[in-house]
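Heads up: the protein sequence lines correspond to chains A, B, C and D, in order.
With my numbering applied, the first sequence covers 33 to 149.
With my numbering applied, the second sequence covers 33 to 149.
With my numbering applied, the third sequence covers 33 to 149.
With my numbering applied, the fourth sequence covers 33 to 149.
Number of protein chains: 4
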Amino acid sequence: MDFRKHQPIYMQIADVILSDILERKISDGDRIPSVRELAISLEVNPNTVQRSYQWLQDVQIIFQKRGIGFFLSDKVYEKTMEVRKEEYLRDELPNTLRTGKLLNVGIETIANIYEKL
Amino acid sequence: MDFRKHQPIYMQIADVILSDILERKISDGDRIPSVRELAISLEVNPNTVQRSYQWLQDVQIIFQKRGIGFFLSDKVYEKTMEVRKEEYLRDELPNTLRTGKLLNVGIETIANIYEKL
Amino acid sequence: MDFRKHQPIYMQIADVILSDILERKISDGDRIPSVRELAISLEVNPNTVQRSYQWLQDVQIIFQKRGIGFFLSDKVYEKTMEVRKEEYLRDELPNTLRTGKLLNVGIETIANIYEKL
Amino acid sequence: MDFRKHQPIYMQIADVILSDILERKISDGDRIPSVRELAISLEVNPNTVQRSYQWLQDVQIIFQKRGIGFFLSDKVYEKTMEVRKEEYLRDELPNTLRTGKLLNVGIETIANIYEKL
DNA sequence: GTGGTCTAGACCACC
DNA sequence: GTGGTCTAGACCACA
Numbered sequence: 033m034d035f036r037k038h039q040p041i042y043m044q045i046a047d048v049i050l051s052d053i054l055e056r057k058i059s060d061g062d063r064i065p066s067v068r069e070l071a072i073s074l075e076v077n078p079n080t081v082q083r084s085y086q087w088l089q090d091v092q093i094i095f096q097k098r099g100i101g102f103f104l105s106d107k108v109y110e111k112t113m114e115v116r117k118e119e120y121l122r123d124e125l126p127n128t129l130r131t132g133k134l135l136n137v138g139i140e141t142i143a144n145i146y147e148k149l
Numbered sequence: 033m034d035f036r037k038h039q040p041i042y043m044q045i046a047d048v049i050l051s052d053i054l055e056r057k058i059s060d061g062d063r064i065p066s067v068r069e070l071a072i073s074l075e076v077n078p079n080t081v082q083r084s085y086q087w088l089q090d091v092q093i094i095f096q097k098r099g100i101g102f103f104l105s106d107k108v109y110e111k112t113m114e115v116r117k118e119e120y121l122r123d124e125l126p127n128t129l130r131t132g133k134l135l136n137v138g139i140e141t142i143a144n145i146y147e148k149l
Numbered sequence: 033m034d035f036r037k038h039q040p041i042y043m044q045i046a047d048v049i050l051s052d053i054l055e056r057k058i059s060d061g062d063r064i065p066s067v068r069e070l071a072i073s074l075e076v077n078p079n080t081v082q083r084s085y086q087w088l089q090d091v092q093i094i095f096q097k098r099g100i101g102f103f104l105s106d107k108v109y110e111k112t113m114e115v116r117k118e119e120y121l122r123d124e125l126p127n128t129l130r131t132g133k134l135l136n137v138g139i140e141t142i143a144n145i146y147e148k149l
Numbered sequence: 033m034d035f036r037k038h039q040p041i042y043m044q045i046a047d048v049i050l051s052d053i054l055e056r057k058i059s060d061g062d063r064i065p066s067v068r069e070l071a072i073s074l075e076v077n078p079n080t081v082q083r084s085y086q087w088l089q090d091v092q093i094i095f096q097k098r099g100i101g102f103f104l105s106d107k108v109y110e111k112t113m114e115v116r117k118e119e120y121l122r123d124e125l126p127n128t129l130r131t132g133k134l135l136n137v138g139i140e141t142i143a144n145i146y147e148k149l
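Set out below in structure tokens:
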């Protein structure tokens, strides 16, 4: 975890889980580390991990089995794609395009770069 | 100004100045509104405008004549463009577009968002 | 058992026993499964079944013969019904229905949910 | 606030806001107390109020003006109705009906009580 | 002044 | 053991 970044630690933690899903390291039904375990291994406060997991649960990436732990939901890969996409379309893309507009970078230039990737 | 956005108000204000520069509405040596004037017309706290101007001064887009006001630096258009555009086209834009491609965001969607900004 | 529900597992288990009583599947003096047996068949922790039985014992639905097992109390059907139904029809049900009416939840919706349980 | 209830304090706080809305004491655009103010007047920790407000923001009952405070969203009455309804249909109603089924209370009885209210 | 995040440490219900 | 909630107190960015 990077304590200096602007992005909150709890979102950084969530991002690690999301990345693991997108890289197919973990998938449907897998158990993820307990709040305490992860807190110790990342050297952060359990409350902070708790917040990550709460958020992941809110967006239905994980679900809880009472008293047992957290597990990845069904179709977690697809859901993760959606969640990432939503965030991308809401924040990252508009921010970059706004800067582009400011710098007089036309949509043609952008389309051009997009095609060449 | 949009008080609901994630982007800080003071950066939104700075962006307005930058846009005006890039659209050639204002240029080298021009005086920009006083902190107090702009605060009133935008209905924001003067401290917030102050912070915008501080930032613009830090990146040498404007300079202050004490007791008189703020003015645009020399070659302000070129300065802004050169510094930012090069980095933007080389890194920021391609990175964002690459992520978009991975998330199946088409160029039409991007063009759409670009137009609406 | 549904590990995702808000209702504790041990109450879900108790509800199963209560249902069996009210549906006359079991009655006065019958032996109910041992903690261990039930835990295995429901795939839950024995402690959890233990807690259900403790609760049922507290409300005098069952009693324990030490070293032998748990058994249904006398007049268990009547006991369960009387104690709960009276309070239910007087308070809980009307209260919930009143809230429903305020929220524009029609009787059809209610009937629908009732059938699906 | 009732510190003994099963319901978390932060949801109790949210409920107070929701009730005020449904009773038309406050409406669209009104500012609600700052996190600190409310924390002091309710004698709870600011973090707890913060959580309430976070939840209310998530369900779009309130929105934030950066550095100024929280305000009620547009159509807050209608939204509150929806939110309450959602919770009611998901938890309160099924729970009550489940108990009813357990107690052999038929849908006819329920419909009867519903009509008479 | 506003809200947002984080830690340390506690207590609870539940499995 | 698991997660959920809460307090006390701190520091930060922002208006």
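Beta carbons are placed, not taken as given, at the ideal position from N, Cα and C, and that holds for glycine.
If you're wondering where the values come from, they're calculated on a predicted model, not measured in any experiment.
Fully contained in the stretch 102–144 of chain A are the following alpha helix (DSSP H) runs of length 4 or more, in chain order: 108–119 and 125–134. Within a 10 Å sphere around the beta-carbon of B/Ile72 sit fewer than 16 other beta-carbons, which makes this residue exposed.
DSSP places D/Lys148 in the helix class (H, G or I) of the three-state scheme. Listed in chain order, the non-local C-beta contacts of B/Ser84 below 6 angstroms within the same chain comprise Tyr42, Ile45 and Ala46, local neighbours out to five positions each way being set aside. Its chain contains no residue whose beta carbon lies nearer than 8 angstroms to that of A/Gln86 once the 5 sequence neighbours on both sides are disregarded. What D/Phe95 touches in chain B, judged by beta-carbon distance under 8 angstroms, is Arg36, going in chain order. Closest option to B/Ser105, judged by alpha-carbon separation, among B/Leu70, B/Asp90, B/Lys117 and B/Gly99: B/Asp90. A buried status is given to D/Gly132, since no fewer than 16 other beta-carbon atoms sit within 10 Å of its beta-carbon.
Looking at the DSSP output, A/Lys97 sits in a beta bridge with A/Gly101. Your pair B/Arg56 and B/Gly101 does not check out as a contact, with CB atoms roughly 21 angstroms apart and the cut at 8 angstroms. What C/Ile41 touches in chain A, judged by beta-carbon distance under 7 angstroms, is Arg98, going in chain order. If you check the CB distance, B/Val67 and B/Val48 do not come in under 8 angstroms. The stretch 111–124 of chain A and the stretch 124–141 of chain B touch, with three or more beta-carbon pairs separated by less than 8 angstroms. Residues Ile58 of the same chain have their beta carbon placed closer than 6 angstroms to that of D/Asp52, with the five preceding and five following residues left out of the count.
A distance below 7 angstroms between beta-carbons, with the five flanking residues on each side excluded, links B/Leu88 to the following residues of its chain, in chain order: Ala46, Ile49 and Ile94. 8 angstroms or more divides the Cβ of B/Gln96 from the Cβ of B/Lys111. Not a single CB atom of chain B sits nearer than 8 angstroms to the CB of A/Tyr85. The beta carbon of D/Val115 does not come within 8 angstroms of any beta carbon belonging to chain C, so the residue lies off that interface. For A/Ile64, the secondary structure class from DSSP, reduced to helix, strand or coil, is coil. Rounded to whole angstroms, C/Ile139 and D/Ala143 show a C-alpha spacing of 6 angstroms. Under the 8 angstroms criterion on CB atoms, C/Val137 is classed as interfacial with respect to chain D. Taking 9 angstroms as the cut-off between beta carbons, the residues of the stretch 120–135 of chain C near chain D are Tyr120, Leu121, Glu124, Leu125, Pro126, Asn127, Thr128, Leu129, Arg130, Thr131, Gly132, Lys133, Leu134 and Leu135, in sequence order.
D/His38 and C/Leu54 have their C-alpha atoms some 28 angstroms from each other. By the CB criterion at 8 angstroms, B/Asp34 and B/Val108 fall outside the cutoff. Judged by DSSP secondary structure, C/Met43 falls within the alpha helix (DSSP H) whose first and last residues are Ile41 to Leu54.
With its beta carbon at least 8 angstroms from every one in chain A, B/Tyr109 lies outside the interface. Shown here, C/Ile58 sits in coil according to DSSP, grouped into three states, outside any helix or strand. In this chain, the alpha helix (DSSP H) harbouring B/Asn79 covers Pro78 to Asp90. Within chain D, no C-beta atom comes nearer than 7 angstroms to that of C/Asp90; the closest sits roughly 18 angstroms away. Between C/Leu125 and D/Ile145, the C-beta spacing is below 8 angstroms.
Using a Cβ-Cβ cut-off of 8 angstroms, C/Ser51 counts as an interface residue toward chain D, since at least one Cβ of chain D sits closer than that to its own.
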